[in-house]
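Participant: In numbering that gives the first Met the number 0, the protein residues as written are 0 to 320. The C-beta atom is built at its ideal place from N, Cα and C for all residues, glycine as well.
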Amino acid sequence: MPALSPQGRLAYGIQLPVQSQSTIYAEPWEASAGPDDLLAVARTADHAGFAYLASCDHVAIPRRLASAMSTVWYDPVATLSFLAAATERVRLLSHVAVVGLRHPLATAKQYATLDHLSGGRLILGVGAGHVREEFEALGADFERRGPVLDECVDALRAALGPDEFPEHHGKLYDFEGLGQRPRPAQERVPVWVGGSSPAAVRRAALKGDGWLPQGDPRDRLPAQIARIRRLREEAARGSAADGHGEGPFTVGAITEPLYVGTPGWDVGRRTVTGAPDALAESLRAYRAMGVDQLQVRFRSRSRSELTDQMAAFGAQVRPLL
């Protein structure tokens with residue numbers, strides 16, 4: 000299994016462009032981009048030391064949200080499988096799979112196959128979801144999406160484990176005597192839980208192998224991380240037999256937009272720009288908070304500018320992290 004950060008440095012990954020085009024972060028050039036652009040970005044990430052590529056999950060967007068979210072959301076399993084064949088090292092992250100929209104056995108089948116075909120590069124990021132109409136159209140329970148996600152995580156742990164005939168007896172999902180192959184290449188597929196609400200942070204601490212915050216600014220992260228640590232310590236003391244709160248745990252963060260060098264265009268005042276050492280100094284502050292991996296974003300006007308930025312980050316900023 001490829002290590003998240005083989006040199007023990009602060010790891011960094013990227014949410015892929017093109018595959019999701021919310022107006023919050025999509026660049027104008029992505030509207031006319033396609034598979035070749037995704038391939039170029041993925042191959043650049045693979046060569047530039049990025050820890051993972053991330054792909055989002057929405058099945059359908061209601062008209063009321065389309066102007067802000069757009070309706071461009073590629074399927075994460077299909078997208079990551081497509082890119083797995085074109086890369087060798089970089090890991091493949093669903094950020095995040097709304098697993099409550101589907102039966103966990105179906106989800107396990109898809110992601111186990113992806114892990115098997117990619118040689119053990121999957122990181123399964125999961126979240127509760129937030130679009131009511133999406134749940135209603137698929138016959139899923141929007142109001143109970145939190146408890147449903149809790150059981151889905153338990154069911155996925157069983158279904159993605161080493162046993163070909165997993166057993167799970169839950170309130171919602173009960174499967175026994177059903178075999179699934181191929182099995183994942185990893186003995187334990189990492190499950191990272193997304194979300195920044197109190198319930199999501201608690202779920203990450205008690206059920207996950209990592210936490211994927213959803214846009215927490217820097218000043219909110221220390222308190223969130225301290226809560227995760229406290230919850231895991233309490234769980235480890237109180238119920239060590241079930242493994243809650245034990246084992247490696249990866250704390251994530253999403254950075255401000257970045258631009259390596261001095262941009263010759265207006266990149267927005269929230270963007271962190273400058274020489275490699277200045278960017279590295281800014282990003283090392285996350286490590287001091289207890290962050291293990293950063294999801295980085297780059298401002299760009301074209302695919303080539305984005306891949307140039309990624310390559311420059313890997314060559315010039317990465318060694319300083």
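Is there contact between the region 205-221 and the region 183-195, where contact requires at least three CB pairs shorter than 8 Å?
Facilitator: yes
Participant: Fully enclosed by the region 146-186, which beta strand (DSSP E) runs are 3 residues long or longer?
Facilitator: none
Participant: Excluding sequence positions up to five away, which residues of its chain have a Cβ less than 7 Å from the Cβ of S281?
Facilitator: V271
Participant: Per DSSP, I122 forms a beta bridge with which residues?
Facilitator: DSSP, once it has assigned bridges, lists L92 as partnering I122.
Participant: Ignore the nearest five residues each way along the sequence and tell me which others in R42's own chain have a CB closer than 7 Å to its CB.
Facilitator: A85 and T86
Participant: Taking only the alpha-carbon atoms, compute the straight-line gap between A105 and L82 and give it to the nearest angstrom.
Facilitator: 21 Å
Participant: Nearest to A127 by CA position, among I13, A235 and A198, is which residue?
Facilitator: A198
Participant: For W28, I'd like the list of residues in its chain whose CB is within less than 8 Å of its CB, leaving aside the five on either flank, ordered along the chain.
Facilitator: S299, R300, S301 and R302
Participant: Could you work out which residue in V152, H129 and L177 is closest to F141 when comparing CA atoms only?
Facilitator: For F141, the nearest C-alpha among the options comes from H129.
Participant: What does the alpha-carbon distance come out to for the pair D56 and D276?
Facilitator: 35 Å
Participant: Assuming L100 contacts A154 (C-beta within less than 8 Å), just tell me the rounded distance between them.
Facilitator: L100 to A154, Cβ: 14 Å. No contact.
Participant: Using only the alpha-carbon positions, how far apart do G176 and R286 sit?
Facilitator: Distance between the alpha carbons of G176 and R286 is about 45 Å.
Participant: Report the rounded CA-to-CA distance for P216 versus A111, giving the unit in angstroms.
Facilitator: 34 Å
Participant: Count the other CB atoms within 10 Å of the CB of T261; is the residue buried (16 or more) or exposed (fewer)?
Facilitator: exposed
Participant: So for I227, helix, strand or coil by DSSP?
Facilitator: Per DSSP, reduced to three states, the secondary structure at I227 is helical.
Participant: Please decide whether R8 counts as near chain D, where near means a Cβ-Cβ distance under 7 Å.
Facilitator: Absent here is chain D; the protein component of the structure consists of one chain.
Participant: Could you check which residue in E150, R62, R231 and R268 has the C-alpha nearest to that of G169?
Facilitator: E150
Participant: Roughly how far, in whole angstroms, is the beta-carbon of A325 from the beta-carbon of A32, given that I think they are within contact range, below 8 Å?
Facilitator: Residue 325 falls outside the range modelled here, since the chain spans only 0 to 320, and no answer is possible.
Participant: Apart from the five residues just before and just after G267, which ones in its own chain have a Cβ nearer than 8 Å to its Cβ?
Facilitator: P256 and R298
Participant: Could you give the distance in angstroms between the alpha-carbon of A225 and the alpha-carbon of L305?
Facilitator: Roughly 34 Å between the two C-alpha positions.
Participant: Check for me: the beta strand (DSSP E) holding T86 runs from which residue to which?
Facilitator: Note, T86: premise wrong, no beta strand (DSSP E); not H, not E.
Participant: With DSSP collapsed to three states, give me the class of Y258.
Facilitator: In the structure shown, Y258 sits in a strand (DSSP, three-state: E or B).
Participant: Where does F164 land, buried or exposed, given buried means 16+ other C-beta within 10 angstroms?
Facilitator: exposed
Participant: For R180, does the count of other Cβ atoms within 10 angstroms reach 16, so buried, or fall short, so exposed?
Facilitator: exposed
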